[in-house]
Amino acid sequence: MSERLTILLTHQAEPLVEAMVAWWQRHVPGPDILVAYGGDRERFESLNVPNRVFVDDSRLRTRDHQRERQSFGGVFMAMNEWLRDRPAYRLILLSEFDCLPMCHDLFGRLEARLATEEADVLGCRLERVDGTNHPHFLYHSSAPDFASFIDRISIRRDRSVVLAMLGCVSFWNREAFTAVADAQESSPLYLEIALPTLAHHLGFRVRGLTDQDRWVQPTGDLALQLDEVRAAGAWMAHPVKGFWEKQAQRAPAG
Amino acid sequence: MKKILLALLKAATVVFGARVIDQRTGKPVGKALFIPWRGKLRIIGLEDKRVIASFESQQRLTYWNQALTFSTHPEPDFPHERKANDPPDASG
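Keeping their order, the protein sequence lines are chains P and S.
Numbering follows numbering that gives the first Met the number 0, in which position 165 of the first sequence is assigned residue number 164; successive positions increment by one, without gaps.
Numbering follows numbering that gives the first Met the number 0, in which position 28 of the second sequence is assigned residue number 27; successive positions increment by one, without gaps.
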């Protein structure tokens with residue numbers, strides 16, 4: 000068993016998920032791959048991949064993600080349950096299906112950066128947002144239970160700090176991942192606030208992959224620019240739309 | 000209708016917006032329209048910028064006007080505190 004685990008979060012149809020896993024195995028060799036499936040239960044049951052977990056959480060299946068405060072709480076809880084019997088995993092890459100690796104040694108690069116930064120969590124577009132005009136912060140600060148929730152879980156002296164980062168890709172050491180998974184159970188937070196803020200207040204060091212921010216974007220589609228993005232030095236690209244559909248057409252799974 | 004209004008406001012921000020300077024770094028943040036509305040100041044044009052509004056301190060005591068300024072947080076760079084300061088329920 001590897002020490003390295005890549006968790007791929009998806010809700011797509013079976014052939015696309017199977018194509019995605021096969022592609023990751025071929026292009027980013029080394030880490031084990033676990034599919035966290037947020038789609039239909041029936042589709043999940045017929046998935047033909049080595050490792051899979053069904054995420055049964057209504058807060059993952061939101062329509063207006065920001066206003067409904069979409070959560071990865073169910074994802075982290077399901078992963079934590081799966082990890083419980085697998086103590087060997089030390090490092091975890093969590094990636095949404097539309098975030099595409101741009102290099103074969105993505106995991107090694109992230110691992111080296113984690114060590115260089117002496118960090119526990121790495122994320123893209125990480126920023127401190129408390130006291131600012133950040134819309135997600137302002138939306139959360141209107142909720143009566145927001146400050147009290149932070150206050151309850153925090154081991155930091157300054158409980159006012161609120162961080163935000165994109166949820167599409169993040170890199171974790173096992174301890175931080177597990178602790179955040181436990182804290183997420185009662186979290187009323189939107190995932191882009193929850194992941195870095197919980198990790199920070201639980202005492203972990205969260206650092207931004209600032210040199211990668213330009214290629215990991217909240218919206219848009221980088222599908223037509225992948226060669227340029229790769230040549231420019233990207234480790235990963237987000238969002239990339241329609242990629243797994245093309246892969247599934249080229250090489251049907253199985 | 001709302002989309003048209005928003006597009007017009009954004010265009011107006013580009014033309015008539017005031018330059019906002021980050022007081023921490025001295026760098027320009029962007030352009031914004033400041034619109035008084037029902038006892039509040041609405042700010043349009045900084046949706047992708049994270050700024051903190053605060054009144055500027057005064058080196059010379061002045062009663063008749065105060066300056067509202069904008070600054071940003073530095074990049075998050077907080078130390079790992081877990082080992083030194085674990086919560087009581089996780090230490091035993």
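Built from N, CA and C at the ideal position, the CB exists for glycine as well.
Here the structure is a predicted model, which means the values were calculated and not measured.
CB contact flag (P:Ser57, P:Gly29, <8 Å): no
Closer than 8 Å at the beta carbon, the chain P residues around S:Pro78: Per Cβ cutoff of 8 Å: Arg204.
DSSP three-state assignment for P:Ser153, whether helix, strand or coil: Looking at P:Ser153 - three-state DSSP - the assignment turns out to be coil, as it is neither helix nor strand.
Where P:Met76 falls: helix, strand or coil (DSSP): helix
Close-in-space but distant-in-sequence residues of the same chain around P:Leu33 (CB under 8 Å, 5 per side omitted): Leu4, Thr5, Ile6, Leu7, Asn50, Arg51, Val52, Met78 and Trp81
Inside the segment 153-233 of chain P only - alpha helix (DSSP H) runs reaching at least 4 residues: 173-183, 190-200 and 225-230
Contacting residues, own chain, Cβ-Cβ under 8 Å from S:Ile51 (five flanking each side not counted): Excluding positions up to five away in sequence, the list reads Phe69, Ser70, Thr71 and His72.
Cα-Cα separation between P:Trp234 and P:Arg112, rounded to whole angstroms: P:Trp234 and P:Arg112: Cα-Cα distance of roughly 12 Å.
Reference S:Ala31, options S:Arg23, S:Arg37 and S:Thr12, closest by Cα: S:Thr12
Cut-off 6 Å between Cβ atoms - residues of its own chain near P:Val54, not counting five sequence neighbours on either side: Ala35, Gly37, Gly73, Val74 and Ala77
CB contact below 8 Å: S:Pro27 versus chain P: Chain P has no Cβ within less than 8 Å of the Cβ of S:Pro27.
Min CB distance P:Val168 to chain S below 8 Å: no
Touching by the beta-carbon criterion (3+ pairs, under 8 Å), the segment 188-207 of chain P and the segment 150-157 of chain P: yes
Interface residues of the segment 50-74 of chain S facing chain P [CB-CB below 8 Å]: Val50, Ile51, Ala52, Thr71, His72, Pro73 and Glu74
Span of the beta strand (DSSP E), counted from its first residue to its last, around S:Trp63: Where S:Trp63 is concerned, there is no enclosing beta strand (DSSP E), given that its DSSP letter is neither H nor E.
Test: P:Pro238 CB closer than 8 Å to a CB of chain S: no
Short CB-CB distance (under 8 Å) between P:His199 and chain S: yes
Residue interval of the beta strand (DSSP E) (run including P:Val34): Asp31 to Tyr36
Element boundaries [alpha helix (DSSP H), containing S:Leu8]: Residues Lys1 to Phe15.
Chain P residues whose Cβ lies nearer than 9 Å to that of S:Arg81: Neighbours of S:Arg81 on chain P, chain order: Asp119, Ile154, Glu174, Ala175, Ala178, Leu201, Gly202, Phe203 and Arg204.
Minimum Cβ-Cβ distance from P:Arg151 to chain S less than 8 Å: no
P:Phe106 versus P:Asn172, P:Gln224, P:Ser141 and P:Gly166, residue with shortest Cα-Cα distance: P:Asn172
Minimum Cβ-Cβ distance from P:Arg127 to chain S less than 8 Å: yes
Reference S:Ser53, options P:Phe170, P:Arg124, P:Arg85 and P:Thr131, closest by Cα: P:Thr131
Residue from P:His64, P:Arg62, P:Ser94 and P:Arg85 whose Cα sits closest to the Cα of P:Ser269: An answer regarding residue 269 of chain P cannot be provided, because it is not within the stretch 0 to 253 covered by chain P.
Residue-chain proximity (S:Leu45, chain P), Cβ-Cβ < 8 Å: yes
Nearest-angstrom Cβ-Cβ length linking S:Gly29 and S:Val19, presumed shorter than 8 Å: The Cβ separation is near 6 Å, so the contact holds.
Residues of its chain near P:Pro134, where Cβ-Cβ distance is below 8 Å and the 5 sequence neighbours each way are ignored: Answer for P:Pro134: Gln65, listed in chain order.
Those runs of the beta strand (DSSP E) which lie wholly inside the segment 43-103 of chain P and span at least 3 residues: 51-53 and 90-95
Interface flag, P:Gly219 vs chain S, CB-CB below 8 Å: Not an interface residue.
Opening and closing residue of the alpha helix (DSSP H) in which S:Asp37 lies: Sequence inspection shows Arg at residue 37 of chain S; the Asp mentioned does not correspond to that position. Counting along the chain, S:Arg37 falls outside any alpha helix (DSSP H), and DSSP gives it neither H nor E.
Of the listed residues P:Glu227, P:His237 and P:Asp119, nearest to P:Pro217 (C-alpha basis): P:His237
Beta-carbon gap between P:Leu190 and P:Gln69 smaller than 8 Å: Yes; because the gap between Cβ atoms is below 8 Å, this pair is in contact.
Contact belief for P:Leu194 with P:Phe43 at Cβ below 8 Å, rounded distance in angstroms: The pair is not a contact, with the Cβ atoms about 24 Å apart (cut-off 8 Å).
Distance between P:Glu67 and P:Val205 (C-alpha atoms, nearest Å): 25 Å
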